[in-house]
Amino acid sequence: MRIAYVFFGAFLAIAQSAYAEVASPPVLAPLKRQAQAAELSAQFLSRYSYKPVPLDDALSARIMDQFIKSLDPDRMLFLQTDIDKFMSDRSEIDDAIERKDLKIPFAIFNAYERRVVDRMNYARSLLKQDFDFSAQENYSVLRDKAPWPQSKAESNELWRKRVKSDWLRLKLGGKNDAAIRETLDKRYENILERAYKFKSDDVFQSFMDAYSTSIDPHTDYFGAAASADFNVSMKLSLFGIGAVLQERDDYTTIRELVPGGPAQLSGKLAVGDRITGVGQGKDGAIKEVVGTRLDEVVQMIRGKKDSVVRLDILPADAGADGTHRVISLVRDKISLDKQAARKTVLSVKAGDATRKIGIITLPVFYEDFEAKRKGDQDYKSASRDVAKLLDELKEEKVDSVLIDLRNNGGGSLDEAIDLTGLFIGNGPVVQQRGSDGKIEVKSAELAAPVWTGPMGVLINRGSASASEIFAAAIQDYGRGVIVGEPSFGKGTVQTVVDLDQIVRNSKPEFGELKVTIAQFFRVDGGTTQLHGVTPDISLPGLSDPTSFGETSYDNALPWAQIKPANYTPADTITTLLPTLQSRHDARVESNPDFQRLLKDIADLKAQREKGVVSLNESERRKEAAAREKRFKDRAEAGDGEDLGDDGLEAGERSLSADIAIENARKNAKDVLLDETVAILADEADLQEGVLKAATKESGNTNGK
Numbered sequence: 020m021r022i023a024y025v026f027f028g029a030f031l032a033i034a035q036s037a038y039a040e041v042a043s044p045p046v047l048a049p050l051k052r053q054a055q056a057a058e059l060s061a062q063f064l065s066r067y068s069y070k071p072v073p074l075d076d077a078l079s080a081r082i083m084d085q086f087i088k089s090l091d092p093d094r095m096l097f098l099q100t101d102i103d104k105f106m107s108d109r110s111e112i113d114d115a116i117e118r119k120d121l122k123i124p125f126a127i128f129n130a131y132e133r134r135v136v137d138r139m140n141y142a143r144s145l146l147k148q149d150f151d152f153s154a155q156e157n158y159s160v161l162r163d164k165a166p167w168p169q170s171k172a173e174s175n176e177l178w179r180k181r182v183k184s185d186w187l188r189l190k191l192g193g194k195n196d197a198a199i200r201e202t203l204d205k206r207y208e209n210i211l212e213r214a215y216k217f218k219s220d221d222v223f224q225s226f227m228d229a230y231s232t233s234i235d236p237h238t239d240y241f242g243a244a245a246s247a248d249f250n251v252s253m254k255l256s257l258f259g260i261g262a263v264l265q266e267r268d269d270y271t272t273i274r275e276l277v278p279g280g281p282a283q284l285s286g287k288l289a290v291g292d293r294i295t296g297v298g299q300g301k302d303g304a305i306k307e308v309v310g311t312r313l314d315e316v317v318q319m320i321r322g323k324k325d326s327v328v329r330l331d332i333l334p335a336d337a338g339a340d341g342t343h344r345v346i347s348l349v350r351d352k353i354s355l356d357k358q359a360a361r362k363t364v365l366s367v368k369a370g371d372a373t374r375k376i377g378i379i380t381l382p383v384f385y386e387d388f389e390a391k392r393k394g395d396q397d398y399k400s401a402s403r404d405v406a407k408l409l410d411e412l413k414e415e416k417v418d419s420v421l422i423d424l425r426n427n428g429g430g431s432l433d434e435a436i437d438l439t440g441l442f443i444g445n446g447p448v449v450q451q452r453g454s455d456g457k458i459e460v461k462s463a464e465l466a467a468p469v470w471t472g473p474m475g476v477l478i479n480r481g482s483a484s485a486s487e488i489f490a491a492a493i494q495d496y497g498r499g500v501i502v503g504e505p506s507f508g509k510g511t512v513q514t515v516v517d518l519d520q521i522v523r524n525s526k527p528e529f530g531e532l533k534v535t536i537a538q539f540f541r542v543d544g545g546t547t548q549l550h551g552v553t554p555d556i557s558l559p560g561l562s563d564p565t566s567f568g569e570t571s572y573d574n575a576l577p578w579a580q581i582k583p584a585n586y587t588p589a590d591t592i593t594t595l596l597p598t599l600q601s602r603h604d605a606r607v608e609s610n611p612d613f614q615r616l617l618k619d620i621a622d623l624k625a626q627r628e629k630g631v632v633s634l635n636e637s638e639r640r641k642e643a644a645a646r647e648k649r650f651k652d653r654a655e656a657g658d659g660e661d662l663g664d665d666g667l668e669a670g671e672r673s674l675s676a677d678i679a680i681e682n683a684r685k686n687a688k689d690v691l692l693d694e695t696v697a698i699l700a701d702e703a704d705l706q707e708g709v710l711k712a713a714t715k716e717s718g719n720t721n722g723k
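Printed below as a string of structure tokens:
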């Protein structure tokens, strides 16, 4: 995952500074430890990656291109003259890293900051004028392959259209001119202020992201903050107060209280309260945090279990000059249950029977590596949690089980193997080939499966890595039906290397590398690399495969094949597929919700291919009217409400409005899940029919 705050360049345009009175952002310089970390990373990546890539002029050029792309993905920030200047050093990055010299990327980033400040001030100046929305002109929303602006005038024109587009969206959303000016001025001011908050570690993280992904798409560098977040995502726990925080108007604001956490149990905090200061321990001085970056406030609030943190709180209903209160909380272990496996049960008609389908949603293949290593008998893991849920579903007498892996980007390889074992018991799950060419077969080792009944897996383009291992194994064994769209196509294995351990540092300085060390193959000998897992029954998807998925990377490993492992597939699903497909086709043909979804996907694809939006108000109102009619028809059919487009971005609405919209989206009808549940009900119905026929035939044979 990339650091989010280096990517708002997508919304910027550029000109030479016309606002001399505006203070320049701080000039950032590399630290000694960063240069050492880069050089150490280069040594490791050049030797130990699955496909080692030498640090030479060719890689140097790729790193430069990737770094600039991360800062200016839509080519609206730098001028062509900037790019020409940067490119004079395009083949020098390799030599600079070996010399432990990071001046090149820092010079580029400092130029980036100056452009941000300049453009945001220019954007705010445009708000003083009026726009002619009767003119026939378009704004390009796809500029990733467009040329950089050649002149200041060309850059200004690009940004004029951007501001006009932002204004028109808000106007169509019902805002008057005064409200629009206030909203956009604050929006651009917030971006401007962020440029003054960047630190040296942000630049280094961004540069190392460019370096690592130039090796291959899934090699990553983790600085201290990124490493901590990765560990939290795997353990699904941390030590803190149990509050979800959000930055709103320079305040760190409480968006959600985690049930059972210290913040919620104290009764002293409410959603919307603002944290204006943080103190450590019972007597530590409280440091003001208004205007402080959210990630820094989060680090101040997290800490050791049973330690005390004191918060200066401005209540949600108080004005800026309202009365504050100071509260003390004792940090505790917080479980991030939203990312843990969870279950629901749906009933659906299939044939003459009503079938109960147990749905287990798994957002990530998590495993608390540290607790497992220490011998904790109750460590947190995906497969353990799913096993418990399967036992509960058996007690509820469900007819079939669906594992929903949509947007599950992977996680622990061991967890993917163990999860497969819950459905196949003992047997090969995945084959792994290292850089030395040796192939290792990794197997599930359960004495017997936990669930032996009908099952299926729901995937989409966001299902990657460990999700693909599990889905592929279930498909190769013929154990269940795979439903959805082709998965991501990530067929590589990574391990995390602690650079400080390599050089025996006594304290963390150099960070960690997530390095590709192997490629995995299905038990049938194929790989999910590039191709992903192809569903048995396809459902439509909203994603764009040209920009999302392994095929979107120009340095992805090719597809390959090896010998199959020694495993015994069943032909149950293969036999049932023609009937499952025909029932599915007939059902969706007459399903108005499904047909509306197909229309939405077609409209989205057309807009994506068009690549531009009209800045003519009458044209946009016609489009909006057609969209509103479609949503009105859905609402009358009981398919959710029209959320529309109010033109606002995250944090610009009231907190209660943001939460209401989020909840409405969560509660919207899940058409793809409903159809998948119907497919699994058919599967259970057909398997029961096959079993009855086999039993009857066996009885007749015995009778003879």
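If you want the working numbering, it's the 1-based position in the sequence shown plus 19.
Glycine included, every Cβ here is placed at the ideal spot set by N, Cα and C.
Can you name the residues that DSSP bridges to residue i?
{"i": "Tyr270", "result": "Arg267"}
{"i": "Pro49", "result": "Paired residue(s): none; Pro49 is not in a bridge."}
{"i": "Ser347", "result": "Arg329"}
{"i": "Ala584", "result": "In the DSSP output, where bridge partners are listed per residue, Ala584 has none listed."}
{"i": "Ala262", "result": "Leu276"}
{"i": "Ser557", "result": "Gly503"}
Would you say residue i touches the ligand NAD, meaning its beta carbon is less than 7 Å from a heavy atom?
{"i": "Lys399", "result": "The model on display carries no ligand, and the ligand NAD is accordingly not part of it."}
Where does residue i sit, in a helix, a strand or coil, going by DSSP?
{"i": "Leu421", "result": "strand"}
{"i": "Ala466", "result": "coil"}
{"i": "Met474", "result": "strand"}
{"i": "Glu117", "result": "helix"}
{"i": "Leu692", "result": "helix"}
{"i": "Arg452", "result": "strand"}
{"i": "Phe217", "result": "coil"}
{"i": "Arg21", "result": "Bear in mind that the predicted position of Arg21 carries a pLDDT of just 35, short of 50, making it too unreliable to give a figure here."}
{"i": "Leu576", "result": "coil"}
{"i": "Thr535", "result": "strand"}
{"i": "Val297", "result": "strand"}
{"i": "Gln706", "result": "helix"}
{"i": "Ser354", "result": "strand"}
Please classify residue i: is it buried, with 16 or more other beta-carbons within 10 angstroms of its beta-carbon, or exposed?
{"i": "Thr695", "result": "buried"}
{"i": "Val690", "result": "buried"}
{"i": "Pro73", "result": "exposed"}
{"i": "Glu176", "result": "exposed"}
{"i": "Pro166", "result": "exposed"}
{"i": "Glu229", "result": "This sequence places Ala at residue 229; Glu is not what is there. Buried, by the Cβ-count rule."}
{"i": "Phe613", "result": "buried"}
{"i": "Arg350", "result": "buried"}
{"i": "Ser89", "result": "buried"}
{"i": "Ile521", "result": "exposed"}
{"i": "Met227", "result": "buried"}
{"i": "Arg181", "result": "buried"}
{"i": "Asn574", "result": "exposed"}
{"i": "Val25", "result": "Low local confidence applies: a pLDDT of 32 at Val25 is under 50, so the model's placement there is unreliable, with the coordinate-based value given in what follows. By the neighbour-count rule (16 or more Cβ atoms within 10 Å), Val25 is buried."}
{"i": "Leu623", "result": "exposed"}
With respect to the beta strand (DSSP E) encompassing residue i, which residues constitute its N-terminal and C-terminal limits?
{"i": "Ala483", "result": "Note, Ala483: premise wrong, no beta strand (DSSP E); not H, not E."}
{"i": "Glu1", "result": "Only positions 20 to 723 of the chain appear in this structure, which leaves residue 1 out of reach."}
{"i": "Ser633", "result": "Val631 to Ser633"}
{"i": "Val516", "result": "Thr511 to Asp517"}
Could you tell me how far apart the beta carbons of residue i and residue j are, in whole angstroms, since I believe they sit closer than 8 Å?
{"i": "Val364", "j": "Lys375", "result": "6 Å"}
{"i": "Pro473", "j": "Asn585", "result": "Between Asn585 and Pro473 the Cβ distance is about 26 Å, and since that is not below 8 Å, they are no contact."}
{"i": "Ser419", "j": "Ala703", "result": "4 Å"}
{"i": "Val460", "j": "Asp495", "result": "About 13 Å separates the two Cβ atoms, so there is no contact after all."}
{"i": "Gly545", "j": "Ser484", "result": "So it is not a contact: roughly 16 Å between Cβ atoms."}
{"i": "Leu161", "j": "Gly630", "result": "4 Å"}
{"i": "Leu333", "j": "Thr295", "result": "5 Å"}
{"i": "Thr535", "j": "His237", "result": "6 Å"}
{"i": "Leu432", "j": "Asn445", "result": "Leu432 to Asn445, Cβ: 18 Å. No contact."}
Within the continuous alpha helix (DSSP H) that includes residue i, where are the two ends?
{"i": "Gln548", "result": "Neither: Gln548 is in no alpha helix (DSSP H) and is coded neither H nor E."}
{"i": "Gly666", "result": "From DSSP, Gly666 is part of no alpha helix (DSSP H); its letter is neither H nor E."}
{"i": "Val317", "result": "Leu313 to Ile320"}
{"i": "Tyr131", "result": "Lys122 to Leu145"}
{"i": "Asp410", "result": "Ala401 to Glu414"}
{"i": "Gly440", "result": "Leu432 to Ile443"}
{"i": "Phe388", "result": "Phe388 to Arg392"}
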